[in-house]
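One structure is given below, encoded as structure tokens.
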Amino acid sequence: MSAALFIEQVFNGLQFGVMLFLMSAGLTLIFGVMGLINLAHGALYMVGAFAAAAVSAATGSFLLALMGALAASAVAGVLVEVIVIRRLYARDHLDQVLATFALILIFSEGTRWVFGSFPLYLDVPAALAGPVMLPFGIAYPAYRLAIIGIGLVVAAALFFLIAGTRVGMRIRAGESDREMIGALGVNISALYTGVFALGAALAGFAGALVGAIQSVQVGMGEPVLILAFVTIVIGGIGSIRGAFVGALLVGLTDTLGRVLLPILFSAVMEPSAAATVGGALASMAIYILMALVLLFKPTGLYGGAA
Numbered sequence: 025m026s027a028a029l030f031i032e033q034v035f036n037g038l039q040f041g042v043m044l045f046l047m048s049a050g051l052t053l054i055f056g057v058m059g060l061i062n063l064a065h066g067a068l069y070m071v072g073a074f075a076a077a078a079v080s081a082a083t084g085s086f087l088l089a090l091m092g093a094l095a096a097s098a099v100a101g102v103l104v105e106v107i108v109i110r111r112l113y114a115r116d117h118l119d120q121v122l123a124t125f126a127l128i129l130i131f132s133e134g135t136r137w138v139f140g141s142f143p144l145y146l147d148v149p150a151a152l153a154g155p156v157m158l159p160f161g162i163a164y165p166a167y168r169l170a171i172i173g174i175g176l177v178v179a180a181a182l183f184f185l186i187a188g189t190r191v192g193m194r195i196r197a198g199e200s201d202r203e204m205i206g207a208l209g210v211n212i213s214a215l216y217t218g219v220f221a222l223g224a225a226l227a228g229f230a231g232a233l234v235g236a237i238q239s240v241q242v243g244m245g246e247p248v249l250i251l252a253f254v255t256i257v258i259g260g261i262g263s264i265r266g267a268f269v270g271a272l273l274v275g276l277t278d279t280l281g282r283v284l285l286p287i288l289f290s291a292v293m294e295p296s297a298a299a300t301v302g303g304a305l306a307s308m309a310i311y312i313l314m315a316l317v318l319l320f321k322p323t324g325l326y327g328g329a330a
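So the mapping is simple: this note's numbering equals the position in the sequence shown, first residue as 1, plus 24.
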């Protein structure tokens, strides 16, 4: 493998990892603070993508599309939390799984009813449509670099929110002892609604960003949700730092594995067989990574840390 191809795949892995972080950060906050298993998080990712595509088609502005995705997914999150999720906090995890799975079906069919069954497409903004020249003569898409940059900015903002603000202090306290902060006068219901809306907005934002790379279609959030669960298990449930590190590990492992493993196996077997075996192992690589992390760190890399 050439150095240029390796560097390009590293950037692809970083871009994939940043997208997973935006998805998993909200998921780990919701589970860590509320103790809620939210299978509908992928549906909120889909809502953001469809909202961005609709706003972009109506206005021609990618910036307005991103703002529309944030607003639509946050509002959807608030409605879901107030109408459905609020009744599940005292229930066991099986009830939460069943209820949020029902939400997946409702969102999927509702989106199909509003937008139809055909994929929508979100154009990359003109300013980011071209390539950027990197070392070794690599022409890398400017939009993918922008996603990496945006993800790093969002990660820094989340770290500051959780560790350096009064709201973050309440979120961390709610994760540790919700009864105590309720007794101190903190409105638990408002806190939970705000955390759920934040998680939903991050998921929708991720969907909007990725919608300009791939088609926007019904059910697009479920495969990403599985990877997001793997990410927070690796990083440690409830930890933003863990979600960030886990997302980068998953993104790089998945992307580099799909390129490197077939090349490695081609040295000892026929190219067609190497592609088959290497591709199969690459599909399992992130789950092997998760198993190895849990073998040595049962709570994840940063379990219990903010």
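Cβ atoms here follow ideal geometry from the backbone N, Cα and C, with glycine treated the same way.
Please work out which residues of its chain come closer than 7 angstroms, Cβ to Cβ, to residue i, disregarding the five sequence neighbours upstream and downstream, and give them in chain order.
| i | result |
| --- | --- |
| Leu-152 | Ala-166, Tyr-167 and Ala-170 |
| Thr-255 | Leu-44, Ser-48, Ala-267, Gly-270, Ala-271 and Val-274 |
| Gln-241 | Pro-143 |
| Thr-217 | Val-102, Glu-105 and Val-106 |
Count the other C-beta atoms from every protein chain shown that fall within 10 angstroms of the C-beta of residue i, then say buried if there are 16 or more, exposed otherwise.
| i | result |
| --- | --- |
| Ile-250 | exposed |
| Ile-258 | buried |
| Thr-83 | exposed |
| Pro-286 | buried |
| Ala-224 | buried |
| Val-71 | buried |
| Met-314 | buried |
| Gln-238 | exposed |
| Leu-129 | exposed |
Could you check which residue in the options has the C-alpha nearest to that of residue i?
| i | options | result |
| --- | --- | --- |
| Leu-331 | Gly-260, Gln-33, Ala-236 and Ile-109 | Residue 331 is absent from the structure shown; the chain starts at 25 and stops at 330. |
| Ile-172 | Val-34, Val-57, Val-79 and Asn-211 | Val-34 |
| Gly-66 | Ala-76, Pro-149 and Gly-245 | Gly-245 |
| Arg-194 | Val-177, Val-178, Ala-179 and Ser-213 | Ser-213 |
| Ala-197 | Leu-51, Gly-56 and Gly-41 | Gly-56 |
| Met-58 | Tyr-113, Tyr-164 and Thr-300 | Tyr-113 |
| Ala-150 | Leu-87, Ala-180 and Gly-218 | Leu-87 |
| Leu-29 | Ala-64, Tyr-164 and Ala-93 | Tyr-164 |
| Ile-54 | Arg-111, Ile-312 and Phe-220 | Phe-220 |
| Met-157 | Thr-277, Pro-322 and Ile-31 | Ile-31 |
| Ser-80 | Ala-95, Val-210 and Leu-146 | Leu-146 |
| Leu-60 | Thr-300, Gly-324, Ala-304 and Gly-262 | Gly-262 |
| Phe-183 | Gly-50, Leu-38 and Phe-320 | Gly-50 |
Tell me the DSSP bridge mates of residue i?
| i | result |
| --- | --- |
| Ala-49 | BP columns for Ala-49 are empty, so no partner. |
| Tyr-163 | Looking at the sequence itself, residue 163 is Ala, so the reference to Tyr does not match. DSSP, once it has assigned bridges, lists Met-157 as partnering Ala-163. |
| Leu-273 | Partner(s): none; Leu-273 has no beta bridge. |
| Leu-144 | Val-240 |
Can you give me the Cβ contacts of residue i inside the same chain, cut-off strictly under 8 angstroms, excluding the 5 residues immediately before and after it?
| i | result |
| --- | --- |
| Leu-46 | Gly-175, Val-178, Leu-226, Ala-227, Phe-229, Ala-230 and Leu-233 |
| Ile-186 | Gly-192, Ile-195, Arg-196, Ile-264 and Ala-330 |
| Leu-90 | Ala-76, Phe-229, Ala-232 and Leu-233 |
Enumerate in chain order the residues of its own chain whose CB-to-CB distance from residue i is below 6 angstroms, with the five nearest sequence positions on each side excluded.
| i | result |
| --- | --- |
| Ala-298 | Pro-286, Phe-289 and Ser-290 |
| Met-293 | none |
| Val-148 | Tyr-167 and Ala-236 |
Is residue i near the ligand GDP - that is, is its Cβ less than 7 angstroms away from at least one heavy atom of it?
| i | result |
| --- | --- |
| Met-157 | For the structure depicted, the ligand GDP is absent and the ligand set is empty, with no information on it obtainable. |
Can you find a CB in chain B that lies within less than 8 angstroms of the CB of residue i?
| i | result |
| --- | --- |
| Phe-139 | Here chain B cannot be found, since the structure has a single protein chain. |
Would the region 136 to 145 count as touching the region 83 to 103 if we require 3 or more Cβ pairs under 8 angstroms? Segment contact: the region 136 to 145 against the region 83 to 103, fewer than three CB-CB distances shorter than 8 angstroms; contact not assigned.
When the Cβ atoms of the region 125 to 139 are set against those of the region 228 to 236, are three or more pairs found closer than 8 angstroms? Contact fails: fewer than three Cβ-Cβ distances are below 8 angstroms.
The region 298 to 311 touching the region 277 to 285, judged by at least three CB pairs closer than 8 angstroms: As far as the Cβ criterion goes, the region 298 to 311 touches the region 277 to 285, which means the pair count is three or higher.
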